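Here the sequence shown stands for residues 1 to 191, numbered as in UniProt numbering. Yeah, the Cβ is synthetic: ideal placement off N, Cα and C, and Gly gets one too. As the structure is a computational prediction, the values presented were derived from the model and not from experiment. Here is the structure we will look at, set down as structure tokens.
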Amino acid sequence: THENAASDNPHAQVDFCWDLEYIQQNACFSDVYNNENPHQAWRAGFREGVKMALDRGVRPKDSSYLLKGHWKNLHRLWVWQMVGADVDNGLWAVYGARHGLYKTMCTDWDYINVRNFKYLNEMWENNKVKEENLLDKIIELGEMLVRKTNIPIDPLPFNAGQSKFFKKVFRNPDRVPTVNIIDNEIKDNEK
Numbered sequence: 001t002h003e004n005a006a007s008d009n010p011h012a013q014v015d016f017c018w019d020l021e022y023i024q025q026n027a028c029f030s031d032v033y034n035n036e037n038p039h040q041a042w043r044a045g046f047r048e049g050v051k052m053a054l055d056r057g058v059r060p061k062d063s064s065y066l067l068k069g070h071w072k073n074l075h076r077l078w079v080w081q082m083v084g085a086d087v088d089n090g091l092w093a094v095y096g097a098r099h100g101l102y103k104t105m106c107t108d109w110d111y112i113n114v115r116n117f118k119y120l121n122e123m124w125e126n127n128k129v130k131e132e133n134l135l136d137k138i139i140e141l142g143e144m145l146v147r148k149t150n151i152p153i154d155p156l157p158f159n160a161g162q163s164k165f166f167k168k169v170f171r172n173p174d175r176v177p178t179v180n181i182i183d184n185e186i187k188d189n190e191k
């Protein structure tokens with residue numbers, strides 16, 4: 001994982017998918033519920049807000065480079081910035097995604113810290129937002145992000161109905177297909 005990445009490989013410091021020996025598995029092996037509580041949802045969103053903004057694991061020079069990033073990453077990043085009000089703690093994930101993107105693109109924050117869960121736990125404790133102020137904080141971050149990075153989001157995230165509808169009709173971009181031993185074993189077991 002990224003914790004074991006060679007320190008001289010800047011692309012592998014945050015996400016291990018940039019390691020040449022990484023093998024992507026294009027099947028679902030488990031369900032993950034990263035919105036069990038506000039902290040967990042914020043952390044999941046924050047990490048995605050950081051990682052989806054990176055260019056092969058490295059911070060873009062500025063927002064013009066961000067906007068030229070891989071379209072699949074950008075689409076996923078925009079979804080994290082807008083969608084979630086239809087599920088428990090979903091707006092905390094939206095807040096986290098906007099917070100992570102803001103820290104990455106609008107400050108000199110060391111984005112490598114996104115891999116340090118102790119650091120993120122401390123960040124959460126030191127930057128708590130009250131539930132009744134959450135939507136205002138999301139909108140505030142959205143306004144700053146649009147102004148400073150020109151990203152194509154609305155400061156107001158989708159409401160519950162819009163989020164639910166979006167999830168009904170959206171198709172996540174396919175990943176690059178690869179054939180692995182595990183993929184073949186799954187197909188054999190499905191027969």
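Exercise. Using DSSP with H/G/I as helix, E/B as strand and the rest coil, what is VAL83?
Worked result: On the sequence shown, residue 83 is found 83 positions in, with the first residue counted as 1. When DSSP states are grouped into helix, strand and coil, VAL83 belongs to the coil group.
For this session: Please report the Cβ distance between LEU91 and ILE138, rounded to the nearest whole angstrom; I am assuming they are in contact, meaning their Cβ atoms lie under 8 angstroms.
Result: As a first step, residue 91 must be located in the sequence shown, where it is residue number 91. As a first step, residue 138 must be located in the sequence shown, where it is residue number 138. Yes, LEU91 and ILE138 are in contact; Cβ-Cβ is about 6 angstroms, under 8 angstroms.
For this session: For PRO173, count neighbouring Cβ atoms within 10 angstroms of its own Cβ and tell me buried if that reaches 16, exposed if not.
Result: By 1-based counting over the sequence shown, the position of residue 173 is 173. Residue environment for PRO173: exposed (fewer than 16 other C-beta atoms within 10 angstroms of its C-beta).
Problem set entry | From GLU140, GLU131, LEU120, LEU145, residue whose alpha carbon lies closest to that of PHE46 | The count along the sequence shown starts at 1 and reaches residue 46 at position 46. Shortest Cα-Cα distance from PHE46 to any of GLU140, GLU131, LEU120, LEU145 involves LEU120.
Exercise. Can the beta-carbon of ALA41 be found closer than 8 angstroms to that of ASN89?
Worked result: Along the sequence shown, read from residue 1 onward, the residue named residue 41 stands at position 41. Along the sequence shown, read from residue 1 onward, the residue named residue 89 stands at position 89. Contact: yes.
For this session: Return the Cβ separation of ASN150 and SER63 in integer angstroms, given the expectation that the two are a contact with Cβ distance under 8 angstroms.
Result: One-based indexing of the sequence shown puts residue 150 at position 150. One-based indexing of the sequence shown puts residue 63 at position 63. With 8 angstroms as the limit, ASN150 and SER63 qualify as a contact, their Cβ atoms being about 6 angstroms apart.
Exercise. According to the neighbour-count rule (16 or more other Cβ atoms, all chains shown, within 10 Å of its Cβ), is GLY161 buried or exposed?
Worked result: Counting from 1 along the sequence shown, the entry for residue 161 is found at position 161. Result: exposed.
For this session: Compare the C-alpha of TRP109 against each of LYS167, VAL58, ASN37 and name the closest.
Result: In the sequence shown, counting from the first residue as 1, residue 109 sits at position 109. Nearest of LYS167, VAL58, ASN37 to TRP109, Cα basis: VAL58.
For this session: Work out the CA separation of ASP31 and LEU156 for me, nearest whole Å.
Result: Indexing the sequence shown from 1 puts residue 156 at position 156. Indexing the sequence shown from 1 puts residue 31 at position 31. The alpha-carbon atoms of LEU156 and ASP31 are separated by roughly 29 angstroms.
Exercise. From which residue to which residue does the alpha helix (DSSP H) around MET52 run?
Worked result: Residue 52 sits at position 52 when you count from the first residue of the sequence shown. Bounds of any alpha helix (DSSP H) do not take in MET52, whose DSSP letter is neither H nor E.
For this session: Alpha carbon to alpha carbon, how far is VAL87 from LEU66? Give it in angstroms, no decimals.
Result: Residue numbering aside, residue 66 sits at position 66 when the sequence shown is read from its first letter. Residue numbering aside, residue 87 sits at position 87 when the sequence shown is read from its first letter. Approximately 29 angstroms between the Cα atoms of the pair.
Problem set entry | Distance between beta carbons of GLY49 and ALA97, contact taken as under 8 angstroms | Residue numbering aside, residue 97 sits at position 97 when the sequence shown is read from its first letter. Residue numbering aside, residue 49 sits at position 49 when the sequence shown is read from its first letter. About 4 angstroms separates the beta carbon of ALA97 from that of GLY49, a gap short enough to meet the 8 angstroms contact definition.
For this session: Can you grab the Cα-Cα spacing for the pair PRO60 / TRP71, in whole Å?
Result: Position 60 of the sequence shown holds residue 60. Position 71 of the sequence shown holds residue 71. Going by the C-alpha atoms only, they are around 14 angstroms apart.
Exercise. So, are the CB atoms of VAL129 and TYR95 less than 8 angstroms apart?
Worked result: Translated into the one-based positions of the sequence shown, residue 129 becomes position 129. Translated into the one-based positions of the sequence shown, residue 95 becomes position 95. Their beta carbons are under 8 angstroms apart, which means VAL129 touches TYR95 by this criterion.
For this session: Identify every residue that forms a DSSP beta bridge with VAL58.
Result: As a first step, residue 58 is located in the sequence shown; it is residue number 58 there, counting from the start. For VAL58, the beta-bridge partners assigned by DSSP are ASP55.
Exercise. Near ASP136, which residues of its chain fall below 6 angstroms by C-beta distance, leaving aside the five closest residues on each side in sequence?
Worked result: Here residue 136 refers to the residue found at position 136 of the sequence shown. Nothing listed; no residue qualifies.
Exercise. Ordered along the chain, which non-local residues of its own chain (more than five positions away) have a Cβ less than 8 angstroms from that of GLU131?
Worked result: Here residue 131 refers to the residue found at position 131 of the sequence shown. The beta carbon of GLU131 sits closer than 8 angstroms to those of PRO38, all from its chain and outside the five residues before and after it, given in chain order.
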